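Numbering (the working numbering), first residue to last: 113 to 278.
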C-alpha cells in the first residue's frame, strides 16, 4: 500500500455583511484612506455586529458552507482544528463549539492559537494526522472576531483587522 497523501478537497469562507471602511476609520483616528491604502492595500474590513456572537459563529458559518458545498455529512468528519486568536472563551475550545453548532458529533477537535501563522499551523497539523492514517476527513477552519479586541484609538493596528472565517 502506498503512502497516504493529504489533499485539500474543498474551501469555503464567510464574512459578515457590515463593512468598516477607511472613511469610517478617518472619523475615529488620525488617518486617511490614502495613508491606509499605500501602507496596507486595505480598503475595507468586515465587522460582525450581531449581538452575542463570536469566532465560533464565524467559523460555524464557514464550516456549514463547506459541508454543503462538498456534499459532506457532519457524521463523515472525524477531526476539526480551529485556528483563532480570539476564542469565544477559555474553554471549551472554539473547535468544539463550532463542531457542536454544525452537528459534528464524533470528531476529535482542538484549537490552535498562533496568530497570523495559525491557519498554516492548523493545516500542516491536519495533513500530518491524515498522512499518519489517524484521520480521514479533517476540517481546518480559521475564524477571528478581531473587532472584539482591536483598540480603535490605535491607528497603527485598528486599520489592519476585521472579522472573517475560512
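We treat Cβ as the ideally placed atom computed from N, Cα and C, and that holds for glycine.
These numbers were taken from a predicted model, which means no experiment stands behind them.
Note down, in chain order, each residue of its chain lying with its Cβ closer than 6 angstroms to the Cβ of residue 229, except the 5 sequence neighbours on either side. Counting from one through the chain shown, the residue named residue 229 turns up at place 117. Once the five neighbours on either side are set aside, residue 229 has no close Cβ partner at all.
For residue 162, three-class secondary structure by DSSP: Taking the first residue of the chain shown as position 1, residue 162 is located at position 50. Coil.
When the Cα atoms are used, what is the spatial distance from residue 244 to residue 119? The sequence position of residue 244 within the chain shown is 132, counting from 1. The sequence position of residue 119 within the chain shown is 7, counting from 1. One alpha carbon belongs to residue 244, the other to residue 119, and they sit about 13 angstroms apart.
Since residue 256 and residue 218 are thought to touch, with beta carbons under 8 angstroms apart, how far apart are those beta carbons, to the nearest angstrom? Locating residue 256 in the chain shown gives position 144, counting from the first residue. Locating residue 218 in the chain shown gives position 106, counting from the first residue. Actually they do not touch by this definition, with Cβ atoms about 27 angstroms apart.
Name the residue from 249, 171, 121, 139 whose alpha carbon lies nearest to the alpha carbon of residue 264. For the purposes of this step, residue 264 is identified with residue 152 of the chain shown, where counting begins at 1. Residue 139 is the option with its Cα nearest to residue 264.
Length at least 4, wholly inside the segment 116–196: the alpha helix (DSSP H) runs in chain order: Segments of the alpha helix (DSSP H) lying fully in the segment 116–196: 134–138, 145–152, 167–182.
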